[in-house]
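Asks: Going by my numbering, the sequence shown opens with residue 1461, and the numbers climb by one from there.
Below: one structure in structure tokens.
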Amino acid sequence: MTKLLVEDDYTEFGDTPTPPRVIHPLPIIIPASPPLGSTAFNLEAIADGWRLSSVQMHDGIYTFEIANTRLPAKTQDQFAADAQANPTDYRACDGPEFYGIVATLFQNQTDPAIAPLYTFLNDSTAKDQPYLTTLTRVIWNPSGDDEVIHQFGLPTQYSLRGNYVCLDGNITMPATDAMTYVQAAFNTQDPMQRVDDTFKWLTGKNAYAYRFNKKVSAVQERALRVGVDDDYSFGVGAGDGISIDRSAFGVKVVAKNGEGL
1461 MTKLLVEDDY TEFGDTPTPP RVIHPLPIII PASPPLGSTA FNLEAIADGW
1511 RLSSVQMHDG IYTFEIANTR LPAKTQDQFA ADAQANPTDY RACDGPEFYG
1561 IVATLFQNQT DPAIAPLYTF LNDSTAKDQP YLTTLTRVIW NPSGDDEVIH
1611 QFGLPTQYSL RGNYVCLDGN ITMPATDAMT YVQAAFNTQD PMQRVDDTFK
1661 WLTGKNAYAY RFNKKVSAVQ ERALRVGVDD DYSFGVGAGD GISIDRSAFG
1711 VKVVAKNGEG L
């Protein structure tokens, strides 16, 4: 079933509890081609999570440690402050890190070693779980370009600019015109079909873009959040006010291009 496009200022949605889910076997979808610059894949269990190598990001190939529990709910500002105060601890991931990790698993889905991490990510983004926040902030401006800030509040913070206003809808639908927004949210050049395939493999749902549908009358700042919000879609939503508490995936960057950090 395809969701209808919604044309309004912003489509808001809640985290309504649902009955227990039926657990299905790990789906297998063979991706079209490997990401540019991929290196040897390795995933290993560590005491409090997993260490994942060969994660292709916009500026290199990373190794991450990923916590096996979600970080307790906080605001985006609080997560950023925690990361600065405790730089060796797990911190909230941003949009590109989240997508890069999931995309790496998708690319290596036939490796049985991914099953525990896949299950954790699948369970954590499910309909019966609250949305997860990220360290990606979207600033909607009344004139000129909008702004997507990744690694918000960290010394490594950087931003992208563009027009991210359009209809809500499934990201592969032409009328949604989601490519500019979604590629900025995850800082990827992957086409919308591949992004959709990646999240459908993880969640069983098509990816659905939520954002402001017309230029705002005053500056609006929102935290990028991700998760399954209903029976039909995996939401990529910049709808949370920055004062809202949500949990997050915890990550540590331990290497870039084979060199430890």
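A virtual CB, placed ideally from N, CA and C, is assigned to each residue, including glycine.
Quick caveat, the model's predicted, so the values are computed rather than measured.
Start and end of the beta strand (DSSP E) containing residue 1524?
Replies: The residue you call residue 1524 lines up with position 64 of the sequence shown. First-last of the beta strand (DSSP E) with residue 1524: 1520-1527.
Asks: DSSP state of residue 1620, grouped into three classes?
Replies: Locating residue 1620 in the sequence shown gives position 160, counting from the first residue. Residue 1620: strand per DSSP, three-state reduction.
Asks: Span of the beta strand (DSSP E) holding residue 1560?
Replies: Translated into positions along the sequence shown, residue 1560 becomes position 100. From DSSP, residue 1560 is part of no beta strand (DSSP E) but of the alpha helix (DSSP H) over 1555-1567.
Asks: Find the nearest neighbour of residue 1524 within the set 1518, 1503, 1687, judged by alpha-carbon distance.
Replies: Working through the sequence shown from its first residue, we reach residue 1524 at position 64. Checked all of 1518, 1503, 1687; the closest Cα to residue 1524 is 1503.
Asks: For residue 1541, which of 1614, 1573, 1694 has the nearest alpha-carbon?
Replies: Counting from one through the sequence shown, the residue named residue 1541 turns up at place 81. Out of 1614, 1573, 1694, 1614 has the C-alpha closest to the C-alpha of residue 1541.
Asks: Please list the segments of the beta strand (DSSP E) lying wholly inside the stretch 1661-1718, counting only runs of 3 or more residues, in order along the chain.
Replies: 1666-1670, 1680-1688, 1693-1701, 1706-1708, 1710-1716
Asks: Find the nearest neighbour of residue 1684 within the set 1566, 1678, 1692, 1672, judged by alpha-carbon distance.
Replies: Locating residue 1684 in the sequence shown gives position 224, counting from the first residue. The shortest C-alpha separation from residue 1684 is found at 1672.
Asks: Write down every uninterrupted run of the alpha helix (DSSP H) in the stretch 1590-1636 whose length is 4 residues or greater and which is fully enclosed by it, in chain order.
Replies: Considered as a whole, the stretch 1590-1636 harbours no complete run of any alpha helix (DSSP H) with no fewer than 4 residues.
Asks: Ends of the alpha helix (DSSP H) at residue 1541?
Replies: Here residue 1541 refers to the residue found at position 81 of the sequence shown. Element bounds for residue 1541: 1536-1545.
Asks: Using the rule of at least 16 other Cβ atoms within 10 Å of the residue's Cβ for burial, across every protein chain shown, is residue 1527 buried or exposed?
Replies: As a first step, residue 1527 must be located in the sequence shown, where it is residue number 67. With 16 or more Cβ atoms within 10 Å of its Cβ, residue 1527 is classed as buried.
Asks: Ignore the nearest five residues each way along the sequence and tell me which others in residue 1509's own chain have a CB closer than 7 Å to its CB.
Replies: Here residue 1509 is taken as the residue at index 49 of the sequence shown, counted from 1. Cβ neighbours of residue 1509 beyond the five flanking positions: 1525, 1526, 1527, 1528.
Asks: Between the C-alpha atoms of residue 1648 and residue 1537, what's the straight-line distance to the nearest angstrom?
Replies: Working through the sequence shown from its first residue, we reach residue 1648 at position 188. Working through the sequence shown from its first residue, we reach residue 1537 at position 77. Each residue's alpha carbon lies about 24 Å from the other.
Asks: Using the C-alpha atoms, what's the distance from residue 1584 back to residue 1522?
Replies: For the purposes of this step, residue 1522 is taken as residue 62 along the sequence shown, with counting starting at 1. For the purposes of this step, residue 1584 is taken as residue 124 along the sequence shown, with counting starting at 1. Here the C-alpha atom of residue 1522 lies approximately 23 Å from the C-alpha atom of residue 1584.
Asks: Which one of 1516, 1577, 1641 has the shortest CA to CA distance from residue 1600?
Replies: The residue labelled residue 1600 in the question sits at position 140 within the sequence shown. Residue 1641 is the option with its Cα nearest to residue 1600.
Asks: Note down the Cα distance separating residue 1663 from residue 1582, rounded to an integer number of angstroms.
Replies: Taking the first residue of the sequence shown as 1, we reach residue 1663 at position 203. Taking the first residue of the sequence shown as 1, we reach residue 1582 at position 122. Within the model, the alpha-carbon separation for residue 1663 versus residue 1582 is close to 6 Å.
Asks: Can you check which of these residues, 1530, 1534, 1577, 1548, is closest to residue 1511 by C-alpha distance?
Replies: As a first step, residue 1511 must be located in the sequence shown, where it is residue number 51. When 1530, 1534, 1577, 1548 are compared, the shortest CA-CA separation from residue 1511 is found for 1577.
Asks: Looking at the strands, I want to know which residues DSSP matches up with residue 1413.
Replies: Absent from the model: residue 1413. The displayed extent of the chain is 1461 to 1721, so no value can be given.
Asks: In whole angstroms, give me the CA-to-CA distance for residue 1590 and residue 1604.
Replies: As a position in the sequence shown, residue 1590 is number 130, starting the count at 1. As a position in the sequence shown, residue 1604 is number 144, starting the count at 1. Cα-Cα distance, rounded: 33 Å.
Asks: Do you know how far the Cα of residue 1703 is from the Cα of residue 1495?
Replies: Indexing the sequence shown from 1 puts residue 1495 at position 35. Indexing the sequence shown from 1 puts residue 1703 at position 243. Since pLDDT at residue 1495 reaches only 42, below the 50 mark, its modelled position is unreliable, and no value is offered.
Asks: Using the rule of at least 16 other Cβ atoms within 10 Å of the residue's Cβ for burial, across every protein chain shown, is residue 1719 buried or exposed?
Replies: The count along the sequence shown starts at 1 and reaches residue 1719 at position 259. Under this definition residue 1719 is an exposed residue.
Asks: Near residue 1602, what residues of its chain come up, given a Cβ to Cβ distance below 8 Å and the 5 sequence neighbours on each side ignored?
Replies: One-based indexing of the sequence shown puts residue 1602 at position 142. Excluding positions up to five away in sequence, the list reads 1675, 1676, 1677, 1678, 1679.
Asks: Classify residue 1579 as buried or exposed, calling it buried when 16 or more other Cβ atoms lie within 10 Å of its own Cβ.
Replies: Within the sequence shown, the letter at position 119 stands for residue 1579. With fewer than 16 other Cβ atoms from the protein chains shown falling within 10 Å of its own Cβ, residue 1579 counts as exposed.
Asks: Round the Cβ separation of residue 1609 and residue 1596 to the nearest angstrom and send it over; I've been treating them as touching at under 8 Å.
Replies: As a position in the sequence shown, residue 1609 is number 149, starting the count at 1. As a position in the sequence shown, residue 1596 is number 136, starting the count at 1. Residue 1609 to residue 1596, Cβ: 7 Å. Contact.
Asks: Per DSSP, which residues does residue 1574 bridge with? Please list them.
Replies: Here residue 1574 is taken as the residue at index 114 of the sequence shown, counted from 1. Residue 1574 pairs with nothing; no bridge assigned.
Asks: What would DSSP say about residue 1407, mapped onto helix, strand or coil?
Replies: No information on residue 1407 is available, as it lies outside the stretch 1461 to 1721 that the chain covers here.
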